[in-house]
């Protein structure tokens, strides 16, 4: 608030007094208005200090009835004019060219030194005044000013001047001092804003850089597409460094030279040319930078000796560049080059940034190199593995062929085809034959194992009776068991239904376990083979009363060529049986285990996944064929069985197979199929007896039976109640027609797309 | 019919000799071929009652020889049995797919082969 003086109480005012009072009042009122204006300008323009400063200078000039006013800020020890009113261009130029230092030669200098407002009543009369040049241009005589102080520091000065000798009064000096304070604050605001802006730009740039680095880092980490990664790096390096193009080169330690891997904004023709030259470590700028382990900038390509690489770039119009070595643990990996079409320096900042990018690229290139090597290695491995498989296949063929002759001829002689032999000869022939068979077994197991290891073992899934498989295996060992005075028993639980697995492989495993059990069980002992149904699997165990397997050998015996300590060396084996068996069981989706007590016996077990009523399809046939009916095939000959099963599953029929008469009868009673295919020559009870049994049982009487036999005894078959009679070999069409004729649900549509099998 | 004539196509001379000995001993007349091409030619010229065909042969393999035999005008329906190595499951599958009438496994069973041959011959008779 400005105080208005009260008129005196006694006596009247003289005219002169009145006038003076009026003038004072007007001046104060002006001052009030000006202050108000400045304040409101500051309020309005809080975010725009420029306007505030302009208002201050302009108001100071007017309120102090001056011809000119200037606002200086102190920078590097001299006053720099930032705002002025009433100043000629000449004066402004002079102030810019020769700024005023803080000394006694100028008013601004004096207010800065003394930190207080003051004036020079007449600059021409002041012996210390030093800027007569300025005085001559500006024409001022009296000058007054105040320092701009901020935190007790001089930051500038506000100065007014009059063109006649007319000193400023106290009130005017107060105004300028007050305005100087405001100006100091405003200038500070400007500085803050400028700093903020600079900081903002810096921040934005940093953010951009970080963003780019993140992108590059991500690309390096996630993508094995090296070219993509390097393209990303090159692009960001060029854009962030404000250059016009760039390239990434890979260093070859062996060749001691760099090869262009990727470019950004570079003509293909140039790239092609760059790829034809040798960018040598010892003879190029790129190489020198790499050897020095730091970036080298060339601000003007026209001013240096050009190596082959630079020459090509120069020819294409490039004028400046930086070569940044790409290093990894101080090893040269490559080089990042960014270039401009114009000459010019590169900032320290840009170089720093490029170095960061170069190290990222180094990582990408190393990753790429690793990936490439890995790929080459895996190709080599694949090739090696294929060679190994081919080698094994051919080896097995090559070894098998002479072995066939050894086995065959020894058998010919043992059969006495060419006359009698004596006892010693027979014994030796048996040794030859036995050793040959052992060798063949070994060969087969090696081949099987290598197939499993290579993931090439083909599994042939079908539904079959576990009982017949186990009985079959047992029957092969019975003679030997009896010879050792062993009891060998097979016990399959009632609820163990048909198993869906690879029958031959299951038999192979079971036979292996049983053979071991018989081998390692002494006179008078027993071997019990059991199959029980678990929750989700079928468990097959082979328990013996043999010598047992010590704890420390229980894992080892599953490894190749380890027979464990449970047998004397008289027992010959391949040492591969258990290894192979376990791998096969795992392949079939089961597991294998061993429980043993030394001196009491061992129980080897394995499991198979239990699955009910599966379609007996081919294992490689992925699509599930809907099943429309069920057929039981009783056939002992494996090839015939394979063929019939293939025909039937192709026609969407579920097949249950049996390999002898007894299990065939059981299968029919359990499955209650839509039809039965029956062979006549069967081990145990023959086909005729099976037919008779089926036809006399009221439970199975109505199930149609089709005889499939080599023997043509059609009349006998029909007489015994067969619904059809086929003589082998049987074609698919004949078979399906016979089934249809017998009333089995066989689709008439041609669902069969396999190669037609010929009939003869 | 007197003696049945069997054509054996087998490239390994010792194995060929073995099969020949066993079959001759069992009373068959044996014709020999050591490659697929000869097998195809003899199948037509000699009209054997049965052919035992090794699958792996120099030149054309067993499956190709079979195809050519089936294309022949004469004796195209002859029973042809593949001789495959045991444990070569895929060989067996292929044998059926190629149209062989059956297979015998290597190593051949000296005792069992004559019976297998009798079975195959009876096949041909009823075709």
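Protein chains in written order, with the working numbering: chain A, 1 to 760; chain B, 1001 to 1127.
The C-beta atom is built at its ideal place from N, Cα and C for all residues, glycine as well.
Pull up the distance between the alpha-carbon of residue 519 of chain A and that of residue 594 of chain A, whole angstroms please. Mapped onto the first chain, residue 519 of chain A falls at position 519. Mapped onto the first chain, residue 594 of chain A falls at position 594. In a straight line, the C-alpha of residue 519 of chain A is about 16 Å away from that of residue 594 of chain A.
Answer yes if the stretch 507-527 of chain A comes into contact with the stretch 470-484 of chain A, meaning at least three C-beta pairs across the two stretches below 8 Å, and no otherwise. With the cut-off at 8 Å, the stretch 470-484 of chain A and the stretch 507-527 of chain A touch.
7 Å CB neighbourhood of residue 150 of chain A in its chain, flanking five on each side removed: Your numbering for residue 150 of chain A matches position 150 in the first chain. Answer for residue 150 of chain A: 184, 188, listed in chain order.
Buried or exposed, going by whether 16 or more other CB atoms sit within 10 Å of the CB of residue 375 of chain A? Translated into the one-based positions of the first chain, residue 375 of chain A becomes position 375. So residue 375 of chain A ends up on the exposed side.
For a cutoff of 9 Å on Cβ pairs, would you count residue 642 of chain A as touching chain B? Here residue 642 of chain A corresponds to residue number 642 of the first chain, with the count starting at 1. Answer yes: the Cβ-Cβ gap between residue 642 of chain A and chain B drops below 9 Å somewhere.
Closer than 8 Å, Cβ to Cβ, to anything on chain B: give me those residues from the stretch 488-503 of chain A, in chain order. Those would be none; no residue qualifies.
Is the beta carbon of residue 761 of chain A sitting closer than 9 Å to the one on residue 237 of chain A? It is not possible to answer for residue 761 of chain A, since the shown part of chain A is limited to 1 through 760.
Meets three-Cβ-pair contact criterion under 8 Å: the stretch 173-182 of chain A and the stretch 207-218 of chain A: Under the 8 Å Cβ criterion, the stretch 173-182 of chain A does not count as touching the stretch 207-218 of chain A, having fewer than three qualifying pairs.
Residue 1108 of chain B: contacting residues in chain A (beta-carbon distance under 8 Å): Residue 1108 of chain B sits at position 108 when you count from the first residue of the second chain. 404, 408, listed in chain order.
For residue 534 of chain A, count neighbouring Cβ atoms within 10 angstroms of its own Cβ and tell me buried if that reaches 16, exposed if not. As a first step, residue 534 of chain A must be located in the first chain, where it is residue number 534. Only exposed fits residue 534 of chain A, as fewer than 16 other CB atoms lie within 10 angstroms of its CB.
Three or more C-beta pairs closer than 8 Å, one from the stretch 78-85 of chain A and one from the stretch 200-209 of chain A: is that the case here? No contact exists between the stretch 78-85 of chain A and the stretch 200-209 of chain A.
Determine the burial state of residue 268 of chain A: buried for a count of at least 16 other Cβ atoms within 10 Å of its Cβ, exposed for fewer. Translated into positions along the first chain, residue 268 of chain A becomes position 268. Looking at its Cβ environment, which holds fewer than 16 other Cβ atoms inside 10 Å, residue 268 of chain A is exposed.
At which residue ranges does the stretch 627-683 of chain A contain complete beta strand (DSSP E) runs of 3 or more residues, listed in the order of the chain? DSSP runs (the beta strand (DSSP E)) wholly in the stretch 627-683 of chain A: 629-634, 653-658, 675-678.
Where does residue 1035 of chain B fall in DSSP's three states? Translated into positions along the second chain, residue 1035 of chain B becomes position 35. Here residue 1035 of chain B sits in coil by DSSP.
Residues sharing a beta bridge with residue 502 of chain A, DSSP: What you label residue 502 of chain A is simply residue 502 of the first chain in a count that begins at 1. Paired residue(s): A/461.
If you count every other CB in all the chains shown that lies within 10 Å of the CB of residue 732 of chain A, and 16 or more means buried, which is it? Locating residue 732 of chain A in the first chain gives position 732, counting from the first residue. Flag for residue 732 of chain A reads buried.
Residue 323 of chain A and residue 285 of chain A look like a contact to me (Cβ under 8 Å); what is the Cβ gap, rounded to whole Å? Sequence index remark: in the first chain, residue 323 of chain A carries index 323 (1-based). Sequence index remark: in the first chain, residue 285 of chain A carries index 285 (1-based). Residue 285 of chain A and residue 323 of chain A do touch by the CB rule: their CB atoms are close to 5 Å apart, below 8 Å.
Output yes if chain A places a C-beta closer than 9 Å to the C-beta of residue 1030 of chain B; else output no. Within the second chain, the letter at position 30 stands for residue 1030 of chain B. Judged by the 9 Å Cβ criterion, residue 1030 of chain B is not in contact with chain A.
Touching or not, the stretch 456-468 of chain A and the stretch 499-506 of chain A, by the rule of three or more beta carbon pairs under 8 Å? Touching, yes, given that three or more Cβ pairs across the two stretches are closer than 8 Å.
Can you check which of these residues, A/402, A/351, A/734, A/333, is closest to residue 369 of chain A by C-alpha distance? Within the first chain, the letter at position 369 stands for residue 369 of chain A. Here the closest residue by C-alpha is A/333.
Would you report the Cα separation of residue 1046 of chain B and residue 709 of chain A, rounded to the nearest angstrom? Here residue 1046 of chain B refers to the residue found at position 46 when the second chain is read from its first residue. Here residue 709 of chain A refers to the residue found at position 709 when the first chain is read from its first residue. Those two C-alpha atoms are separated by around 29 Å.
List the residues that DSSP assigns as beta-bridge partners of residue 603 of chain A. For this step, residue 603 of chain A is matched to residue 603 along the first chain. Under DSSP, the beta-bridge partners assigned to residue 603 of chain A are A/543, A/595.
I think residue 297 of chain A touches residue 277 of chain A, with their Cβ atoms under 8 Å apart; what is that distance to the nearest whole Å? For the purposes of this step, residue 297 of chain A is taken as residue 297 along the first chain, with counting starting at 1. For the purposes of this step, residue 277 of chain A is taken as residue 277 along the first chain, with counting starting at 1. Between residue 297 of chain A and residue 277 of chain A a beta carbon distance of about 22 Å is seen, past the 8 Å cut, so the two are scored as non-contacting.
Quick check: is the beta carbon of residue 1127 of chain B nearer than 9 Å to any beta carbon in chain A? As a working mapping, residue 1127 of chain B is identified with position 127 in the second chain. Because the pLDDT of residue 1127 of chain B is 39, which lies under 50, any placement of that residue in the model is unreliable, and the number read from its coordinates should be weighed accordingly. For residue 1127 of chain B, at least one C-beta of chain A is nearer than 9 Å to its own C-beta.
With C-beta atoms as the reference, is residue 327 of chain A less than 9 Å away from residue 359 of chain A? On the first chain, position 327 is the one that residue 327 of chain A refers to. On the first chain, position 359 is the one that residue 359 of chain A refers to. Contact: yes.
At least one CB of chain A closer than 9 Å to the CB of residue 1005 of chain B: is that the case? Against the second chain, residue 1005 of chain B aligns to sequence position 5. Not closer than 9 Å to any Cβ of chain A, the Cβ of residue 1005 of chain B fails to qualify, so no.
Residue(s) in a DSSP beta bridge with residue 296 of chain A: Working through the first chain from its first residue, we reach residue 296 of chain A at position 296. BP columns for residue 296 of chain A point to A/323.
Rounding to the nearest angstrom, what Cα-Cα distance links residue 614 of chain A and residue 654 of chain A in this structure? If you number the first chain from 1, residue 614 of chain A lands on position 614. If you number the first chain from 1, residue 654 of chain A lands on position 654. Note that residue 614 of chain A scores a pLDDT of 41, beneath 50, so its modelled location is shaky; the value from the coordinates is reported in the next line. The alpha-carbon atoms of residue 614 of chain A and residue 654 of chain A are separated by roughly 7 Å.
Beta-carbon separation of residue 1023 of chain B and residue 1006 of chain B under 9 Å? Residue mapping note: residue 1023 of chain B aligns to position 23 of the second chain, counting from 1. Residue mapping note: residue 1006 of chain B aligns to position 6 of the second chain, counting from 1. Their beta carbons are under 9 Å apart, which means residue 1023 of chain B touches residue 1006 of chain B by this criterion.
Counting along the chain, where does the beta strand (DSSP E) carrying residue 1054 of chain B start and finish? Within the second chain, numbered from 1, the residue matching residue 1054 of chain B stands at position 54. Start and end: 1050-1054.
Selection of the stretch 675-686 of chain A by Cβ proximity to chain B, strictly under 8 Å: So nothing in the stretch comes that close.
Would a C-beta distance cut-off of 9 Å place residue 49 of chain A and residue 159 of chain A closer than the cut-off? Reading the first chain from its first residue, position 49 is the one you call residue 49 of chain A. Reading the first chain from its first residue, position 159 is the one you call residue 159 of chain A. Taking 9 Å as the Cβ cut-off, residue 49 of chain A and residue 159 of chain A do not qualify as a contacting pair.
Grab me the residues of residue 1026 of chain B's own chain with a C-beta within less than 6 Å of its C-beta, minus the 5 sequence neighbours each way, in chain order. As a first step, residue 1026 of chain B is located in the second chain; it is residue number 26 there, counting from the start. So the list reads 1114, once near-sequence residues are dropped.
So, with DSSP's three-state summary, where would you put residue 243 of chain A? Counting from 1 along the first chain, the entry for residue 243 of chain A is found at position 243. Residue state, collapsed to three classes: coil.
Should residue 471 of chain A go down as buried or exposed, given a rule of 16 or more other Cβ atoms within 10 Å for buried? Here residue 471 of chain A corresponds to residue number 471 of the first chain, with the count starting at 1. So residue 471 of chain A ends up on the buried side.
Closest to residue 75 of chain A by C-alpha separation, out of A/641, A/155, A/647, would be which residue? Counted from its first residue, the first chain places residue 75 of chain A at position 75. Of the candidates A/641, A/155, A/647, the one whose C-alpha sits nearest the C-alpha of residue 75 of chain A is A/155.
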